[in-house]
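**Student:** First the structure, then my questions, so here it is.
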Amino acid sequence: MTATTDGPAGPGVSGTKQHKRDSAVLDPARSGGATAAAERAAARAVEHLLARQDEAGWWKGDLETNVTMDAEDLLLREFLGVGDEKTYTAAARFIRSRQHEDGAWSTFHGGPGDLSTTVEGYVALKLAGDHPEAPHMVRAAEWVRAHGGVAKTRVFTRIWLALFGWWRWEDLPELPPEIIYLPKWVPLNIYDFGCWARQTIVPLTVVSAFRPVHPAPFGLDELHRDPARPLPHTPMAPPNSWDGAFQRIDRALHAYRRVAPRRLRRAALKDASRWIIERQENDGCWGGIQPPAVYSLIALRLLGYDLDHPVMRAGLASLDRFAVWPDERTRMVEACQSPVWDTCLAAIALADAGLPRDHPALVKAADWMLGEQVVRPGDWSVRRPRLTPGGWAFEFHNDNYPDTDDTAEVALALRRIRHPDPERVERAVGRAVRWTLGMQSGDGAWGAFDVDNTSRFPNRLPFCDFGEVIDPPSADVTAHVVEMLAAEGRQDDPRTRRAVSWLLAEQEADGSWFGRWGVNYLYGTGSVVPALVAAGLPASHPAVRRAVGWLERVQNTDGGWGEDLRSYIDPGWSGTGTSTASQTGWALMSLLAAGERESEAVERGIAWLAGTQREDGYWDEPYFTGTGFPWDFSINYHLYRMVFPLTALGRYLHGDGLERAVRRGA
Numbered sequence: 001m002t003a004t005t006d007g008p009a010g011p012g013v014s015g016t017k018q019h020k021r022d023s024a025v026l027d028p029a030r031s032g033g034a035t036a037a038a039e040r041a042a043a044r045a046v047e048h049l050l051a052r053q054d055e056a057g058w059w060k061g062d063l064e065t066n067v068t069m070d071a072e073d074l075l076l077r078e079f080l081g082v083g084d085e086k087t088y089t090a091a092a093r094f095i096r097s098r099q100h101e102d103g104a105w106s107t108f109h110g111g112p113g114d115l116s117t118t119v120e121g122y123v124a125l126k127l128a129g130d131h132p133e134a135p136h137m138v139r140a141a142e143w144v145r146a147h148g149g150v151a152k153t154r155v156f157t158r159i160w161l162a163l164f165g166w167w168r169w170e171d172l173p174e175l176p177p178e179i180i181y182l183p184k185w186v187p188l189n190i191y192d193f194g195c196w197a198r199q200t201i202v203p204l205t206v207v208s209a210f211r212p213v214h215p216a217p218f219g220l221d222e223l224h225r226d227p228a229r230p231l232p233h234t235p236m237a238p239p240n241s242w243d244g245a246f247q248r249i250d251r252a253l254h255a256y257r258r259v260a261p262r263r264l265r266r267a268a269l270k271d272a273s274r275w276i277i278e279r280q281e282n283d284g285c286w287g288g289i290q291p292p293a294v295y296s297l298i299a300l301r302l303l304g305y306d307l308d309h310p311v312m313r314a315g316l317a318s319l320d321r322f323a324v325w326p327d328e329r330t331r332m333v334e335a336c337q338s339p340v341w342d343t344c345l346a347a348i349a350l351a352d353a354g355l356p357r358d359h360p361a362l363v364k365a366a367d368w369m370l371g372e373q374v375v376r377p378g379d380w381s382v383r384r385p386r387l388t389p390g391g392w393a394f395e396f397h398n399d400n401y402p403d404t405d406d407t408a409e410v411a412l413a414l415r416r417i418r419h420p421d422p423e424r425v426e427r428a429v430g431r432a433v434r435w436t437l438g439m440q441s442g443d444g445a446w447g448a449f450d451v452d453n454t455s456r457f458p459n460r461l462p463f464c465d466f467g468e469v470i471d472p473p474s475a476d477v478t479a480h481v482v483e484m485l486a487a488e489g490r491q492d493d494p495r496t497r498r499a500v501s502w503l504l505a506e507q508e509a510d511g512s513w514f515g516r517w518g519v520n521y522l523y524g525t526g527s528v529v530p531a532l533v534a535a536g537l538p539a540s541h542p543a544v545r546r547a548v549g550w551l552e553r554v555q556n557t558d559g560g561w562g563e564d565l566r567s568y569i570d571p572g573w574s575g576t577g578t579s580t581a582s583q584t585g586w587a588l589m590s591l592l593a594a595g596e597r598e599s600e601a602v603e604r605g606i607a608w609l610a611g612t613q614r615e616d617g618y619w620d621e622p623y624f625t626g627t628g629f630p631w632d633f634s635i636n637y638h639l640y641r642m643v644f645p646l647t648a649l650g651r652y653l654h655g656d657g658l659e660r661a662v663r664r665g666a
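Spelled out as structure tokens, the structure:
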């Protein structure tokens, strides 16, 4: 795979609002009509996507996030003493390539500078040997001081600094390992947190208990506004406020540290160690994502695990597999890998584009997906102990945390493919449907990983300032599940109808839906409308018409659609941003489901896709259109720019691929 090599940032990189582009609308008639243009674009995209399939049957595009992944990878290697010059040099080259002219780093392409990201990027470059007097380093340090210095960074950044003595452990929130003993009915037990946060917090309780300090190779005075007083005094919030209450709880936990019973502390550390090791996957990683892996390795090292221990060796090897080398001199670290997600979406796109249902590429993809189904219990079974497994995870190896979103899309992909063993497909999809129905939350909707993971307390903790730490139901995930249930003939199932009612109640006043796992209202709307129509709502339904009206209003003048991540913090950005291939695909999928194939908006959107496609079938898309946490952690899925435009083109030309499959029979 190849890392992002997109050109310079386009309009909007300064942080000012990106308004509708005023370039001329593409005229489909110039190239023989919208249908002919769509056919040519789809054919090129199919050829490109087929060429990217792995021999084993899967697809995986690069998953690009921000330079904190690269920085924390270097800091981990420095802490463990396993760094090497080639890795440091190649990582530094990538980190430098993402620095803005003002010295800062952002969390997404074209976004504003982010303080924590900039501090971590600066420290990583200093570790790699960049001199603090170099112009790019001076600009970064000046930007950090101008924005509050290290004291204003998030807790996780200051934890990394504390590991090297650049920040005092005493000035960080306390996180005792004894929380592992809190029963699941007690607020703030570890299962109140989303799975990604849970996997990170448990090893961090170990790190917090030890408070290790690796000798720092240099100082960081230049990143403080006042090096003599790096943490300015700030008064506590009122005790009757949430912030004030949790600040006082944190103060009590600091006091508890001094009197914690030694036997209880030792037992908690031992049980935390067992919890961590039990959740290591077969490939050595934890949950298939980088952050829990790095903290788990640090925690186990502090607990006495030698670097040659099989658990440690496997963990370090897994992190090496997260590295993407676009060339021999540059190294980018993925936060996660997305083969199951990419494969099911690619299969749907190819099937909807008219590839024969028994095409070898689709059959091979189905074989691989069938082999990835998770058939053993994971953390989700804490709240659903009697539920039979049957979901799919996002990554190569993540048996502990399958998710309903991947499960729904895999089932939708498998139903489009004529597999030589239809009974095997039937059994797998049947297990998936039963598991997914069992994961429905009390309000009728679905979260991604857990049931009713909606506690209001975790996000209030001083420790949890790094993004979303719970997994409540979302419109996009619920829509994908509804679409799957409809495909399985369960439109009238009371559980499906409850979910449809929930989706209708979640529609925004302007006609859109919020997107939790994709940016943002375009993703939510692009997910919900096809699901509602699949579940039996007519295209004339008021909710569908409001969605169509919103999509028509936010279409850019160039014919495409785009939405900036700033829509997560400023409603004025809703549906507003530079046109992208993936977001244009979402909008078109929604409009086509709503019966708008002959509309001007659809023709202009198809023309935009055809007119911006490269000769090799690819679309350039430097903008981030995926999320890990809305606003706080953004993702550029490099395959989104292929699968969603191709799905839209295919449905424009042939209609929904699943409907065709049902009409033609298995």
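The numbering used here applies: residue 1 is where the sequence shown begins, and numbers increase by one.
Every residue, glycine too, gets a C-beta built ideally from N, C-alpha and C.
None of these values were measured; they are calculated from a predicted model.
Measure how close the beta-carbons of L127 and L74 come, nearest whole angstrom, since I'm counting them as under 8 angstroms.
**Tutor:** Sequence index remark: in the sequence shown, residue 127 carries index 127 (1-based). Sequence index remark: in the sequence shown, residue 74 carries index 74 (1-based). L127 to L74, Cβ: 5 angstroms. Contact.
**Student:** In the DSSP assignment, find the unbroken alpha helix (DSSP H) run with D342 in it and report its ends.
**Tutor:** The residue given as residue 342 occupies position 342 in the sequence shown. Counting along the chain, the alpha helix (DSSP H) containing D342 begins and ends at P339 to D352.
**Student:** Shortest alpha-carbon distance to L591 belongs to which of I569, G526 and F629?
**Tutor:** On the sequence shown, position 591 is the one that residue 591 refers to. Cα-wise, what sits closest to L591 is G526.
**Student:** In the DSSP output, what is V155 paired with across the bridge?
**Tutor:** Here the question's residue 155 lines up with position 155 in the sequence shown. Per DSSP, none; premise fails for V155.
**Student:** For A272 and V554, I'd like the C-alpha separation in whole angstroms.
**Tutor:** In the sequence shown, the residue the question calls residue 272 occupies position 272. In the sequence shown, the residue the question calls residue 554 occupies position 554. Roughly 49 angstroms between the two C-alpha positions.
**Student:** Taking all protein chains shown into account, do 16 or more other C-beta atoms lie within 10 angstroms of the C-beta of R248, making it buried, or fewer, making it exposed?
**Tutor:** Reading the sequence shown from its first residue, position 248 is the one you call residue 248. R248 should be labelled exposed.
**Student:** Return the residue from the list S241, N400 and S97 that minimises the CA-CA distance to R279.
**Tutor:** Indexing the sequence shown from 1 puts residue 279 at position 279. Checked all of S241, N400 and S97; the closest Cα to R279 is N400.
**Student:** Which whole-angstrom value is the C-beta distance of A581 and L609, which I expect to be below 8 angstroms?
**Tutor:** The count along the sequence shown starts at 1 and reaches residue 581 at position 581. The count along the sequence shown starts at 1 and reaches residue 609 at position 609. That pair is a contact at about 6 angstroms.
**Student:** Helix or strand or just coil, what does DSSP make of M236?
**Tutor:** What you label residue 236 is simply residue 236 of the sequence shown in a count that begins at 1. Three-state result, M236: coil.
**Student:** Hey, how far is the Cα of I159 from the Cα of P215?
**Tutor:** Indexing the sequence shown from 1 puts residue 159 at position 159. Indexing the sequence shown from 1 puts residue 215 at position 215. Those two C-alpha atoms are separated by around 15 angstroms.
**Student:** For P176 versus R257, is the C-beta spacing smaller than 8 angstroms?
**Tutor:** As a position in the sequence shown, residue 176 is number 176, starting the count at 1. As a position in the sequence shown, residue 257 is number 257, starting the count at 1. Their beta carbons are under 8 angstroms apart, which means P176 touches R257 by this criterion.
**Student:** Closest to A347 by CA distance: which of V519, M439 and M642 is it?
**Tutor:** On the sequence shown, position 347 is the one that residue 347 refers to. Cα-wise, what sits closest to A347 is M642.
**Student:** Thinking W58 and R52 are a contact (beta carbons under 8 angstroms), I'd like their distance in whole angstroms, please.
**Tutor:** As a position in the sequence shown, residue 58 is number 58, starting the count at 1. As a position in the sequence shown, residue 52 is number 52, starting the count at 1. 10 angstroms between Cβ atoms; not a contact.
**Student:** With H, G and I counted as helix, E and B as strand and the rest as coil, what does DSSP make of L63?
**Tutor:** Taking the first residue of the sequence shown as position 1, residue 63 is located at position 63. Correct three-state label for L63: strand.
**Student:** Got a sec, what are the start and stop residues for the beta strand (DSSP E) P326 sits in?
**Tutor:** The count along the sequence shown starts at 1 and reaches residue 326 at position 326. It spans A323 to D327 - the beta strand (DSSP E) in which P326 sits, taken as one unbroken run.
**Student:** What's the gap between the Cα of L412 and the Cα of R546?
**Tutor:** Within the sequence shown, numbered from 1, the residue matching residue 412 stands at position 412. Within the sequence shown, numbered from 1, the residue matching residue 546 stands at position 546. L412 and R546: Cα-Cα distance of roughly 26 angstroms.
**Student:** Give me the Cα-Cα distance between A162 and F156, rounded to the nearest whole angstrom.
**Tutor:** Position 162 of the sequence shown, counted from the first residue, corresponds to residue 162. Position 156 of the sequence shown, counted from the first residue, corresponds to residue 156. When rounded, the distance between both Cα atoms is 10 angstroms.
**Student:** By the three-class DSSP mapping on this structure, what secondary structure does R333 have?
**Tutor:** Locating residue 333 in the sequence shown gives position 333, counting from the first residue. Note on residue identity: the sequence assigns Val, not Arg, to residue 333. In the structure shown, V333 sits in a strand (DSSP, three-state: E or B).
**Student:** Quick check: what's the CA-CA separation for R301 versus G83?
**Tutor:** Locating residue 301 in the sequence shown gives position 301, where the first residue counts as 1. Locating residue 83 in the sequence shown gives position 83, where the first residue counts as 1. Their Cα atoms are separated by approximately 16 angstroms.
**Student:** So, using beta-carbon positions, are A587 and V481 closer together than 8 angstroms?
**Tutor:** What you label residue 587 is simply residue 587 of the sequence shown in a count that begins at 1. What you label residue 481 is simply residue 481 of the sequence shown in a count that begins at 1. For A587 and V481, no; Cβs fall outside 8 angstroms.
**Student:** Assuming the contact rule is C-beta atoms closer than 8 angstroms, T153 and I179 should be a hit. Round their C-beta distance to whole Å, please.
**Tutor:** In the sequence shown, residue 153 corresponds to position 153, counting from 1. In the sequence shown, residue 179 corresponds to position 179, counting from 1. Between I179 and T153 the Cβ distance is about 24 angstroms, and since that is not below 8 angstroms, they are no contact.
**Student:** With a Cβ-Cβ cutoff of 8 angstroms, do G562 and G577 count as a contact?
**Tutor:** Here residue 562 refers to the residue found at position 562 when the sequence shown is read from its first residue. Here residue 577 refers to the residue found at position 577 when the sequence shown is read from its first residue. Yes.
**Student:** Around the C-beta of L649, are 16 or more other C-beta atoms found within 10 angstroms, so that it is buried, or is it exposed?
**Tutor:** Taking the first residue of the sequence shown as position 1, residue 649 is located at position 649. Counting Cβ neighbours within 10 Å, L649 comes out buried, since at least 16 surround it.
**Student:** L646 and A349: beta carbons closer than 8 angstroms?
**Tutor:** Counting from 1 along the sequence shown, the entry for residue 646 is found at position 646. Counting from 1 along the sequence shown, the entry for residue 349 is found at position 349. Contact: yes.
**Student:** Within 10 angstroms of the Cβ of N282, are there 16 or more other Cβ atoms? Answer buried if so, exposed if not.
**Tutor:** Here residue 282 refers to the residue found at position 282 when the sequence shown is read from its first residue. With fewer than 16 Cβ atoms within 10 Å of its Cβ, N282 is classed as exposed.
**Student:** Beta carbon of T496, beta carbon of A543: below 8 angstroms?
**Tutor:** Sequence index remark: in the sequence shown, residue 496 carries index 496 (1-based). Sequence index remark: in the sequence shown, residue 543 carries index 543 (1-based). No, the Cβ-Cβ distance between T496 and A543 is not below 8 angstroms.
**Student:** Our contact map puts A323 next to V333 with C-beta atoms below 8 angstroms; I'd like the distance itself, whole angstroms only.
**Tutor:** Taking the sequence shown and counting its residues from 1, the one referred to as residue 323 is at position 323. Taking the sequence shown and counting its residues from 1, the one referred to as residue 333 is at position 333. That belief holds up - the Cβ atoms of A323 and V333 are roughly 6 angstroms apart, short of 8 angstroms.
**Student:** Give me the residue from R415, N453 and G611 with the minimum Cα distance to E659.
**Tutor:** Here residue 659 is taken as the residue at index 659 of the sequence shown, counted from 1. The option with the nearest alpha carbon to E659 is R415.
**Student:** For W286, write down the residues that DSSP places opposite it in a beta bridge.
**Tutor:** Sequence index remark: in the sequence shown, residue 286 carries index 286 (1-based). Per DSSP, Q280.
**Student:** Classify W185: buried if its beta carbon has 16 or more other beta carbons within 10 angstroms, exposed otherwise.
**Tutor:** Your numbering for residue 185 matches position 185 in the sequence shown. The residue in question, W185, is exposed, as its Cβ has fewer than 16 Cβ neighbours within 10 Å.
**Student:** Going by beta-carbon coordinates alone, are G575 and Y521 separated by less than 8 angstroms?
**Tutor:** Taking the sequence shown and counting its residues from 1, one reaches residue 575 at position 575. Taking the sequence shown and counting its residues from 1, one reaches residue 521 at position 521. Yes, these two residues count as a Cβ contact at 8 angstroms.
**Student:** Three or more C-beta pairs under 8 angstroms: does that hold for the region 209 to 226 against the region 141 to 151?
**Tutor:** Yes: at least three Cβ pairs fall under 8 angstroms.
**Student:** When you compare only the Cα positions, how much space is there between S441 and D102?
**Tutor:** If you number the sequence shown from 1, residue 441 lands on position 441. If you number the sequence shown from 1, residue 102 lands on position 102. Taking the straight line joining both Cα atoms gives about 46 angstroms.
**Student:** Which residues mark the beginning and the end of the alpha helix (DSSP H) in which S634 is found?
**Tutor:** Here residue 634 corresponds to residue number 634 of the sequence shown, with the count starting at 1. No alpha helix (DSSP H) contains S634, which is instead part of the beta strand (DSSP E) from F633 to Y637.
**Student:** Going by CA-CA distance only, name the one from H136, G515 and F79 that's closest to I298.
**Tutor:** Here residue 298 corresponds to residue number 298 of the sequence shown, with the count starting at 1. Nearest C-alpha to I298: F79.
**Student:** Is it buried or exposed for K270, if we count other Cβ within 10 angstroms and need 16 for buried?
**Tutor:** Translated into positions along the sequence shown, residue 270 becomes position 270. Classification for K270: exposed.
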